[in-house]
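What follows is a set of notes on a single structure, which appears directly below.
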RNA sequence: GCCGCGUUGGUCAAGGGGUUAAGACGCCUCCCUUUCACGGAGGAAUCACGGGUUCGAAUCCCGUACGUGGUACCA
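Residue numbers (this note's numbering): 111 to 626.
Here it is, written out as structure tokens:
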């Protein structure tokens with residue numbers, strides 16, 4: 111066992127969105143930077159929201175990102191179980207909750223949901239819109255603090271539905287050190303008596319996180335900023351149950367924000383960028399219930415995992431240098447919790463695409479060739495000559511931001527352009543040019559060898575002979591071969607598609623241009 | 001309402017008492033290229049506000065504003 115043990119604890123209730131993946135990533139980078147273990151534990155205590163397949167989905171996302179856990183329900187490990195539902199079976203949560211009751215730090219509460227609702231509406235005022243089950247109100251409720259021991263025992267014996275709540279002490283200040291924010295202080299009077307053990311016997315997050323971290327010997331705990339307000343509950347639980355000296359070090363990560371406020375799952379369809387790492391086939395997480403429109407995940411959108419973790423790592427952390435492109439290994443080597451921001455960061459899709467563009471340029475074509483090939487095949491273009499395919503990708507990679515761009519940028523290498531941008535040709539098209547091309551077809555037919563230099567030479571030779579500037583002819587030629595004003599140098603394209611296709615495309619285009 | 005956390009260009013951000021306040025994305029101009037990109041050179045644009053402390057504040061302190069989170073038998 112390593113001395114550093116960092117855990118990521120997702121709940122299998124929804125897709126892995128940007129904030130979630132960044133939390134994993136920071137956990138992982140921190141652990142690996144310190145030579146420690148990265149542990150994934152599943153928090154499946156909320157059965158009502160549990161979604162089948164969600165757990166597998168989480169691991170699929172991690173795998174795509176290149177993150178392999180050292181311990182997890184899928185990978186095994188010595189400190190299992192790695193699912194809370196399984197630890198519940200072992201009775202640990204109940205055991206510790208009972209211990210807290212016995213020691214006077216918690217109590218049984220028999221209030222029904224209706225009674226709780228009544229309390230909240232009865233005590234609701236303008237100054238206090240959401241009354242809490244706290245030291246002000248707990249003596250007005252139905253619990254083992256207000257009931258006699260005999261009645262409590264009777265209710266318990268009768269199997270009355272009940273929960274166990276923490277009894278927040280009065281007048282204490284709980285403080286702890288956050289690795290990112292420094293000392294955080296909270297007054298216990300302002301925190302409510304959180305439920306620790308639910309009526310179904312499942313722990314709430316508050317109990318589970320403490321018990322699990324203790325049992326799994328976790329040394330460092332990263333989580334989102336939204337946990338900060340309940341941190342004093344967890345600190346208190348550590349103090350009562352296992353001792354503060356055994357408590358892991360905390361780091362509360364800043365939020366990732368969307369174009370307006372906190373990034374939500376809806377923002378994907380709203381603003382047209384992915385918010386999830388991957389699509390989730392079992393329950394399409396990006397689907398907008400209203401429009402039934404699916405927002406693709408980063409993977410499906412055509413991001414490279416290298417770019418994805420890179421851009422995510424830089425959203426809230428930087429190395430303190432001007433470097434922005436990092437491999438996973440570099441991130442591990444350079445990651446430092448001291449350089450994580452405390453303020454939230456707004457996600458910028460334009461910058462995200464820039465990262466991917468850089469990675470497409472930076473990586474060797476062969477490392478993503480297969481993904482592009484699959485893309486081509488899904489559009490009905492089968493690739494037979496792998497070597498040629500790789501060459502073509504190399505030719506157009508500078509022009510591609512997302513993987514699907516490869517299709518648009520190189521489809522003309524494989525098939526004749528479906529439409530020609532005639533508007534680009536029309537204004538300057540004339541009979542001289544038409545004559546040039548019919549003449550050039552002859553020259554092409556007589557060409558000994560088919561290579562860039564030869565093609566270009568014959569083109570320029572004939573142009574000079576006809577007294578037309580070669581540049582004026584290159585543009586129409588490009589439209590003929592490509593369909594539009596884009597792509598690598600024309601003669602390179604001509605060479606790649608071959609003599610027959612070149613001549614065919616010129617002939618075809620000449621017909622179309624005839625009506626201009 | 002109360003409590004927590006935050007605030008350097010439109011965005012990501014460096015800088016943490018003296019700087020012409022880095023760099024990147026995006027935007028604009030120019031060069032390269034008779035295509036589109038890539039590449040190169042420039043440009044516009046910033047310390048939320050108000051008080052202190054100090055010879056001197058983006059930087060330290062206090063307020064205010066704004067943002068965001070929590071205030072569930074959700075995590």
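Beta carbons: idealized from backbone N, C-alpha and C, even for Gly.
Sequence-distant residues of the same chain with beta carbon closer than 8 Å to residue 314, five excluded per side:
Here residue 314 refers to the residue found at position 204 of the first chain. Excluding residues within five positions, the ones whose Cβ falls inside 8 Å are 155, 304, 305, 306, 307 and 308.
Rounded Cβ spacing between residue 122 and residue 160 (contact assumed at less than 8 Å):
As a position in the first chain, residue 122 is number 12, starting the count at 1. As a position in the first chain, residue 160 is number 50, starting the count at 1. The Cβ separation is near 6 Å, so the contact holds.
Could I get the ranges of all uninterrupted alpha helix (DSSP H) runs contained in the segment 448-500, with 4 residues as the minimum, in chain order?
You should have 459-472 and 479-488.
Find out if the Cβ-Cβ distance for the pair residue 325, residue 189 is shorter than 8 Å.
As a first step, residue 325 must be located in the first chain, where it is residue number 215. As a first step, residue 189 must be located in the first chain, where it is residue number 79. In contact: residue 325 and residue 189 (Cβ atoms closer than 8 Å).
Measure the C-alpha to C-alpha separation of residue 429 and residue 439 and round it to an integer number of angstroms.
Residue numbering aside, residue 429 sits at position 319 when the first chain is read from its first letter. Residue numbering aside, residue 439 sits at position 329 when the first chain is read from its first letter. Roughly 13 Å between the two C-alpha positions.
Look at the alpha carbon of residue 624 and the alpha carbon of residue 409, and state the distance between them as a whole number of angstroms.
The count along the first chain starts at 1 and reaches residue 624 at position 514. The count along the first chain starts at 1 and reaches residue 409 at position 299. Cα to Cα, the separation comes out at about 45 Å.
In the structure shown, what three-state DSSP assignment does residue 215 receive?
By one-based count along the first chain, residue 215 stands at place 105. Secondary structure at residue 215: coil, using DSSP grouped into helix, strand and coil.
Measuring alpha carbon to alpha carbon, tell me which residue in 524, 582 and 616 is nearest residue 548.
Residue 548 sits at position 438 when you count from the first residue of the first chain. With distances taken between Cα atoms, residue 548 lies closest to 616.
Just curious, the alpha helix (DSSP H) that residue 132 is in, first and last residue?
Counting from one through the first chain, the residue named residue 132 turns up at place 22. Per DSSP, residue 132 is one residue of the alpha helix (DSSP H) stretching across 128-143.
Mind checking which residues open and close the alpha helix (DSSP H) that includes residue 597?
Within the first chain, residue 597 is the residue found at index 487, counting from 1. First-last for residue 597: undefined, no H or E at that position.
3-residue-minimum beta strand (DSSP E) runs that sit fully inside the segment 288-359, ordered along the chain:
Counting only runs of 3 or more, we get 292-297, 305-307 and 330-334.
Residue 264, buried or exposed, once every other Cβ within 10 Å from all chains shown has been counted against 16:
Translated into positions along the first chain, residue 264 becomes position 154. Exposed, by the Cβ-count rule.
Ordered list of beta strand (DSSP E) runs contained in the segment 514-592, each at least 3 residues:
If we require 3 residues or more, the segment 514-592 turns out to have no beta strand (DSSP E) run fully inside it.
State the start and end residues of the unbroken beta strand (DSSP E) segment that holds residue 150.
On the first chain, residue 150 is found 40 positions in, with the first residue counted as 1. Run containing residue 150: 147-150, per the beta strand (DSSP E) assignment.
Nonlocal neighbours in the same chain, by C-beta distance under 7 Å from residue 462, ignoring five residues either side
Walking along the first chain from the start, residue 462 turns up at place 352. Cβ neighbours of residue 462 within its own chain (closer than 7 Å, five residues either side excluded): 421.
Apart from the five residues on each side of it in sequence, which residues of its chain come closer than 7 Å, Cβ to Cβ, to residue 447?
For the purposes of this step, residue 447 is taken as residue 337 along the first chain, with counting starting at 1. Contacts found: 140, 289, 290 and 361.
Residue 442: first and last residue of the uninterrupted alpha helix (DSSP H) it sits in
In the first chain, counting from the first residue as 1, residue 442 sits at position 332. Its alpha helix (DSSP H) spans residues 438-444.
Pick from 557, 596 and 512: whose alpha carbon is nearest that of residue 613?
Translated into positions along the first chain, residue 613 becomes position 503. Of the listed residues, the one whose Cα sits closest to residue 613 is 557.
Put residue 234 into one of helix, strand or coil per three-state DSSP.
Position 124 of the first chain, counted from the start, is the residue given in the question as residue 234. Coil at residue 234, not helix or strand.
Counting Cβ pairs closer than 8 Å, one from the segment 530-549 and one from the segment 582-591, do we hit at least three?
The segment 530-549 is in contact with the segment 582-591.
Apart from the five residues just before and just after residue 341, which ones in its own chain have a Cβ nearer than 6 Å to its Cβ?
On the first chain, position 231 is the one that residue 341 refers to. Excluding residues within five positions, none has a Cβ falling inside 6 Å.
Proximity test, residue 410 beta-carbon vs the ligand COA heavy atom, cut-off 7 Å
What this structure holds is no ligand at all, so the ligand COA is not there to describe.
By the DSSP assignment, the alpha helix (DSSP H) with residue 197 in it spans what residues?
Stepping through the first chain from its first residue, residue 197 is reached at position 87. Residues 194-199.
Beta carbon of residue 136 nearer than 8 Å to that of residue 436:
Against the first chain, residue 136 aligns to sequence position 26. Against the first chain, residue 436 aligns to sequence position 326. Here residue 136 is not near residue 436, since their CB atoms are 8 Å or more apart.
If we count the other Cβ atoms within 10 Å of its Cβ and call it buried at 16 or more, is residue 113 buried or exposed?
What you label residue 113 is simply residue 3 of the first chain in a count that begins at 1. Counting C-beta atoms within 10 angstroms of its own C-beta, residue 113 has fewer than 16 neighbours from the protein chains shown and is therefore classed as exposed.
Skipping 5 residues on each side, what residues in its chain have a beta carbon closer than 7 Å to that of residue 185?
Walking along the first chain from the start, residue 185 turns up at place 75. 179, listed in sequence order.
Who pairs with residue 186 in a beta bridge, going by DSSP?
Mapped onto the first chain, residue 186 falls at position 76. According to DSSP, which records beta bridges pairwise, residue 186 is partnered with 182.
Using three-state DSSP, classify residue 619 as helix, strand or coil.
For the purposes of this step, residue 619 is taken as residue 509 along the first chain, with counting starting at 1. It is helical.
From 181, 384 and 196, pick the residue whose C-alpha is nearest to that of residue 129; which is it?
The count along the first chain starts at 1 and reaches residue 129 at position 19. Of the listed residues, the one whose Cα sits closest to residue 129 is 384.
If you reduce the DSSP assignment to three classes, tell me which class residue 603 lands in.
Taking the first chain and counting its residues from 1, the one referred to as residue 603 is at position 493. In the structure shown, residue 603 adopts helical secondary structure according to DSSP, grouped into three states.
Please work out which residues of its chain come closer than 8 Å, Cβ to Cβ, to residue 564, disregarding the five sequence neighbours upstream and downstream, and give them in chain order.
Position 454 of the first chain, counting from 1, holds the residue named residue 564. Within the same chain, Cβ atoms closer than 8 Å to the Cβ of residue 564 are found at 557 and 558, the five residues on either side in sequence being excluded.
Could you give the C-beta distance for residue 147 and residue 115, rounded to a whole number, given that I count them as a contact under 8 Å?
Translated into positions along the first chain, residue 147 becomes position 37. Translated into positions along the first chain, residue 115 becomes position 5. Contact holds; Cβ gap of about 5 Å.
In the structure shown, what three-state DSSP assignment does residue 387 receive?
Locating residue 387 in the first chain gives position 277, where the first residue counts as 1. Correct three-state label for residue 387: coil.
Quick one, are the C-beta atoms of residue 514 and residue 174 less than 8 Å apart?
Within the first chain, numbered from 1, the residue matching residue 514 stands at position 404. Within the first chain, numbered from 1, the residue matching residue 174 stands at position 64. Result no, Cβ atoms of residue 514 and residue 174 do not sit closer than 8 Å.
Is DSSP giving residue 704 helix, strand or coil here?
Beyond the ends of the chain as shown, which are 111 and 626, falls residue 704; an answer cannot be given.
Same chain only: Cβ atoms within 6 Å of residue 398, ignoring 5 sequence neighbours per side:
Here residue 398 is taken as the residue at index 288 of the first chain, counted from 1. Unreliable positioning characterises residue 398 in this predicted model, as indicated by a pLDDT of 47, which lies under 50. A coordinate reading is not provided.
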